[in-house]
Each structure stands twice: as C-alpha cells, then as structure tokens.
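Asker:
Chains as they are written, first to last, in my numbering: chain A, 943 to 1273; chain B, 943 to 1273.
#1: Quick check on the DSSP output: the alpha helix (DSSP H) that includes residue 1122 of chain A runs from which residue to which?
#2: Show which residues of chain B have a CB atom less than 8 Å away from the CB atom of residue 1177 of chain A.
#3: Give me the chain A residues within the contact set of residue 987 of chain B, using Cβ-Cβ distance strictly less than 8 Å, ordered along the chain.
#4: Are residue 1092 of chain A and residue 1112 of chain A close, meaning C-beta to C-beta below 9 Å?
#5: Taking C-beta pairs closer than 7 Å, name the residues in chain A that residue 1091 of chain B reaches, listed in chain order.
#6: Check whether the segment 1181 to 1194 of chain A and the segment 1144 to 1154 of chain A are in contact - that is, three or more C-beta pairs closer than 8 Å.
#7: Three or more beta-carbon pairs under 8 Å between the segment 968 to 978 of chain B and the segment 1087 to 1101 of chain B, yes or no?
#8: Can you have a look at residue 1224 of chain B and say buried or exposed, based on whether 16 or more other CB atoms are within 10 angstroms of its CB?
#9: Return the first residue and the last residue of the alpha helix (DSSP H) that residue 999 of chain A is part of.
#10: Does any CB atom of chain B fall closer than 9 Å to the CB of residue 1086 of chain A?
#11: Taking CB distances under 9 Å as the criterion, tell me whether residue 1016 of chain A reaches chain B.
#12: Which one of B:1037, B:996, B:1061, B:980 has the shortest CA to CA distance from residue 1051 of chain B?
#13: At which residues does the alpha helix (DSSP H) containing residue 1226 of chain A begin and terminate?
#14: Taking DSSP as the reference, what is the three-state secondary structure of residue 1080 of chain B?
#15: Give the interface partners of residue 1065 of chain A over in chain D, defined as CB-CB distance under 7 Å, in chain order.
#16: Just checking my contact of residue 1237 of chain A with residue 1149 of chain A at CB under 8 Å: how many whole Å lie between their CB atoms?
#17: With H, G and I counted as helix, E and B as strand and the rest as coil, what does DSSP make of residue 1071 of chain B?
#18: For residue 1133 of chain B versus residue 1245 of chain B, is the C-beta distance shorter than 9 Å?
#19: On the DSSP letters alone, give me the boundaries of the alpha helix (DSSP H) that residue 1254 of chain B sits inside.
#20: I believe residue 999 of chain B touches residue 1125 of chain B by the beta-carbon criterion, under 8 Å. Please report the beta-carbon distance rounded to the nearest angstrom.
#21: Taking residue 1202 of chain A and residue 1194 of chain A to be in contact with their CB atoms under 8 Å, please state how far apart those CB atoms are, rounded to whole angstroms.
#22: Please name the residue in A:965, A:957, A:1002 whose C-alpha comes closest to that of residue 987 of chain A.
#23: Output needed in chain order: residues of the segment 1027 to 1038 of chain B with a Cβ under 7 Å from some Cβ in chain A.
#24: Hey, residue 1022 of chain A and residue 971 of chain A: beta-carbon distance below 9 Å or not?
#25: Taking 9 Å as the CB-CB limit, is residue 1045 of chain A close to chain B?
#26: Drop a sphere of 10 angstroms on the beta-carbon of residue 996 of chain A, count the other beta-carbons inside from all chains shown, and report buried for 16 or more, exposed for fewer.
#27: Determine the direct distance from the alpha carbon of residue 1230 of chain B to that of residue 1159 of chain B, and round the result to whole angstroms.
#28: Straight-line CA distance for residue 1215 of chain B to residue 1087 of chain B?
#29: Where does residue 1044 of chain A fall in DSSP's three states?
#30: Roughly how many angstroms lie between the CA atoms of residue 960 of chain A and residue 1016 of chain B, to the nearest whole one?
#31: For residue 1058 of chain B, I'd like the list of residues in its chain whose CB is within less than 6 Å of its CB, leaving aside the five on either flank, ordered along the chain.
#32: Using the beta-carbon count (16 or more within 10 Å), is residue 1049 of chain B buried or exposed?
#33: With a Cβ-Cβ cutoff of 9 Å, do residue 1259 of chain B and residue 952 of chain B count as a contact?
#34: Under 7 Å Cβ-Cβ, which residues of chain A neighbour residue 1095 of chain B?
#35: Using the three-state DSSP reduction, which class does residue 1184 of chain A fall into: helix, strand or coil?
#36: Please report whether the beta-carbon of residue 1009 of chain B lies at a distance below 9 Å from any beta-carbon of chain A.
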C-alpha cells in the first residue's frame, strides 16, 4: 500500500534520528533536576508516549526547509508541558494507570504528583525563555495558559447540561488543541515562515489536536482497558459531557432525555448500561467520528500551500493515521 | 518612636497608592480568565495577604530612582506565582484554612485546587513574557523553577534524618527565598541597576525570604491557630525537619536523639508534647531565632551602598519588622 493511503502507522521513521535527539534531551532535562527529584521526573519521562508533539514540530521544520536544534527544542518544551498536564490530570481523574503503568498519583500520592507536575511545567517554561526571540517565549506562555484554562473550564462544567457543542469545542481546543498548535505554529515561526504559513500550520495543529481529543473521548466510551492501557469510562463517571454524549442527548427522545438529564443533575454516574438502555448510543459515537473525519479533511487543506516534500507527506499521513484510529471506534 | 527602630508596622504607607494599583491590576487579571474560572481565581486573589512581594518590588524601584509600571507588574507577577504555590501547598499539607478563611482545596476539593494553581501559575508566566526584555522573562522562569523544585525536595525529604542544616537552607532558599529575590532583584534590573546593585538587592530579597520562612517554621511550632489564622503544627505531623527541629535533634542527649530518630523513622508524628518531654525544646526555637536575626543583619548590610532615601529606609524597616515578628516566637 502506498504511504499516502496507509492508516496503520505513524510516519515517524523519516524523523527517527531527530526524535531520538529529542528523547535524549528529555533525559538530559531529567538530570537538570535536584537528585532528590530526578527519579520522579525520570519515571514520568520514561513512560514514553508516542511523542507526537515533538514529531509534529520536527516535521514542520523539515517541510519548511530543514530541521534545526530550535525545532527539536520547541518539541521538547511542548512535550514537557504535555507531561505536566498528564500528571495533574491523573490526580483530578483519580486515574490509576496510564500507558500500562501506574500513574505518579497512584504511585506516590496526590501531593507529590502536584509538585511533580509543577516542576515539569515550570522547567518547560524556563526552557522557553532560552529562545532569543521573546515572541516564541510569549507563544509558549499563552499556549500553557490556554491548556490550564481549558482543563479548569472542563472541570468546572462537569454535570452542566447547558454545555453546548460550541462550549465543548472551545474546551478541547484549549486543553488539547493549543499544545498541538504550539508545536506546529511555533515550529513554523522558528523556520521564519510568513504569517500566513504560520497561521495555517497553527490551524493544522489545532484541528489535529481537537480531532485527537474527540478520538480520546470516543475511546473512553467504547475502548477496552487492556488494549488502551489506561483507566477508561472516567468521562461518564465524572460527568464530562463529551461530543458523543452531547450527540446522545440531542438524539434522545424527549422522555429519554428527561431521564438522562435527571441522572446528570443528580450527579449520578452515566454508566454504559444506562446509556445503552436509554438512547441511540452507537449513532452518537458514529456522528462524533464523522465530525472528526470532516475536521481531518480541513487539516489536509491547511497543508495545501506548503512545499511538496516527504515531510509534508508525513504531516498528511498523520491525519490519515488519526482517521484510522477514529474508525476503530465504530462498532 | 522614630521610624528607624519601629518593629510593629510594615512601612507600606509610603507606597500605598502604588500597592493599590497592584491590587487593582490583580483584580483586572481575574477578569482575564474564562467566566467559568473567574469566581475561583477571585476567591484566591481576594483572600489578600500582606502583598509583601509587590511592596518589595515597588520599594526597590523607589530606592533606585522611581517606581514605574514595570515595577508594579513584576510585583504582581511574583504575587500571582506566590498565590499559585499557596493553593498547591494547601493541597499537599491538607490545610483547611489560610488567612482565617477556608483554603481552595478545603472548599472545592483537590482537583479544582490543582487546576486553579496551574491557571494562576501559567497566567503569571504568560504575563512575564510581555516584558520586551527576554532576560526579565528568563529570571521569572528560573525563579518559578526554583520554587517548584524547592517544594518537591522538601516533600521528598520529609522524615529524612540525613537532612543537614545546609540542605534545609537550600530548600527554603528555593521555596521562599527565590520569589522574594525575584521581586527585589528583577525590580533592580528593571531600574537599569548595575550588576553589583542588582546582585545585592537579589541577596537582600533572598535573605529576607529565608528569614521569613524560618519565622514561619518557628510559628508552626509555637503559634496559636486563632492568632495566625491558618492550620498549625503541620510541619511536625508531616515530618518536615525545620531549623528549630534540626536544632532540637542536635541539642538532644544521645538517648533523647535515639528516641526522636525512632519516631521519625517510623514516620510517627513528632507532636509537641513528645518533643517537650524529650529534649531542650525552647532553646532550639531560640537558636533558630538567633540565626535568623543574624541573617537580618546581613540583609541590612546588603542595602548599605544604595541611595539614602525614604524607600531605602523602608527596606531597612522591613527587616526590623520581620525581626520583631521573630521575637514574638520567643517564650
């Protein structure tokens, strides 16, 4: 199958040496911490994710003429901020495992996890001030602010029936889109891209991150913990009204909706059997997937004016990979 | 009594209008948050502390030729970071009240308090990127990193009998000194001070913050909750080996020390009656106060070469005020 239509792999082989350099510099950061802190930071840094944000930063650099140390650095900074938010998210969600291993919160308690997230976060922002260009630093600062605000709005609006689809998108754009957009947009700025190109690459990241969050929200409903490697069904229990849930509320009959609303207002967990019994469940997930696939088409359009090279092809391939992930959520 | 020897008031009347502007700009920041987040941020911002860090930033500006918007701004940024750390500290310490009112953690749970601290922290760092000079931004970033690392080292080394006096000072310099030093040192930089003056004002803040932390550590042992307005005796329960406790361990007889060590190694709370029964308790607090008073003398020396004006007099007066606070901890 030609690379352009593959959906089962992330096209990271192209930038593997660059990603390995980022991985090494993340390990170097660990050594920058106090010896007393090192093992905790190391635990979080080694529970390696897919490093999709650094890969995006590097691929944007490659697309726009060449990958520099600055591209790797912004990738690393964004990844450190991402790791900090995961550590704090796991406290809030009371999640026991992530990527098949115990969360920092489960392992050492919420106190240490609060501080560990703070340490990673402040370290990342201090690294951002090492760029000579203050506008880069400013963009990192603003993205971090958005992520934090997105998280807090999401938490504050749990069990809130007035949450609209627009509100949902605003929340996930802030909490997930902003860091993807920082990786791609700031990387474009570091390549000296013109404002229009930077904007389109920022938008590509924002849409891709948003779609990825929709996938995550669908997965929380339909995934299996063994396959996914983290605690699932937390959204329902915690009253997070995600896109599939909003679809469900919209597609339900008036009687069904009243029942659902009652459970939400009583802050009763919206567990799966309850949902399956009340309303058109599968269609709600399907509709969320369709929305996300449309956004992936827009993502590909964002890349239209860029130089036609293998790095740009990889950015396109990522949208197909995420599209493939989304399809696995269909029954 | 001439102002120079007063110990019962903070000399903030001199900069009252400037402090009120900082207070107003803190309120403005609250409005910059999402409406869903505003009430939480507002609660924390309105549970007003003494605003000693903004006052220091303003007084340094005044000493070095005039207070500008930049001095007020760095004061506000440092205060926001300080508030963020308080919100997170209260989670870690499980503290129920601060400044006579319920903590964010006690009021809304640890999840929201984690996010609220993150939002304040990221907002402060984003504001720091608004300075045109990246070195200012860099100093704020580094101070934040130090604060977070100080907190985590402190938490990690609870119940750790190998903690030396040097380790203790390093911890409190990071967790409390760094933000005082940022307020005074960065303020000097914003006034265009030469490197030597900036260094001395940085050191003044570092020492003053360190002394203030020693006072806080003594107060946790000897204060009364009604008078102080926050949960006390948490250091002993949590195994934090503060300066008076380290003095106590040092002054104890070998038999007494063995008993104390046993309790610490078993992670049993070092409650007050136990301490009073085992070792020379009052002397340990006295010795900590003496150490802090010596540091205040050094603080005053740091100010020696500065222009002799009323703002400098106020910086001197602050050291006397803190000295007076320390003396209230003697029996």
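Glycine included, every Cβ here is placed at the ideal spot set by N, Cα and C.
Answerer: Well, looking at it:
#1: 1120 to 1132
#2: Within 8 Å Cβ-Cβ: nothing; residue 1177 of chain A doesn't reach chain B, min ~14 Å.
#3: Residues of chain A whose Cβ lies closer than 8 Å to the Cβ of residue 987 of chain B do not exist; the shortest such Cβ separation is about 15 Å.
#4: yes
#5: For residue 1091 of chain B, the residues of chain A that pass the 7 Å Cβ criterion are 975, 976, 979, 1061, in the order they occur in the chain.
#6: At 8 Å Cβ cutoff, the stretches do not touch.
#7: Taking 8 Å as the limit for Cβ pairs, the verdict is that the segment 1087 to 1101 of chain B does not touch the segment 968 to 978 of chain B.
#8: exposed
#9: 994 to 1005
#10: yes
#11: no
#12: If we check each option's Cα against that of residue 1051 of chain B, B:1037 comes out closest.
#13: 1223 to 1244
#14: helix
#15: Checking the listed chains, one finds no chain D in this structure; the protein chains it contains are A and B.
#16: 5 Å
#17: The answer is coil: DSSP assigns residue 1071 of chain B none of H, G, I, E or B.
#18: no
#19: 1252 to 1269
#20: About 4 Å; that satisfies the 8 Å criterion.
#21: 6 Å
#22: A:965
#23: From the segment 1027 to 1038 of chain B, only 1030, 1033, 1034 have a Cβ closer than 7 Å to chain A.
#24: In this structure, residue 971 of chain A lies closer than 9 Å to residue 1022 of chain A by Cβ.
#25: no
#26: By the Cβ-count criterion, residue 996 of chain A is buried, with 16 or more other Cβ atoms from all chains shown falling within 10 Å of its own Cβ.
#27: When the Cα atoms are used, residue 1159 of chain B and residue 1230 of chain B turn out to be separated by approximately 9 Å.
#28: Roughly 37 Å between the two C-alpha positions.
#29: strand
#30: Distance between the alpha carbons of residue 960 of chain A and residue 1016 of chain B is about 38 Å.
#31: 982, 1029, 1046
#32: exposed
#33: yes
#34: 976, 978, 979
#35: coil
#36: Not closer than 9 Å to any Cβ of chain A, the Cβ of residue 1009 of chain B fails to qualify, so no.
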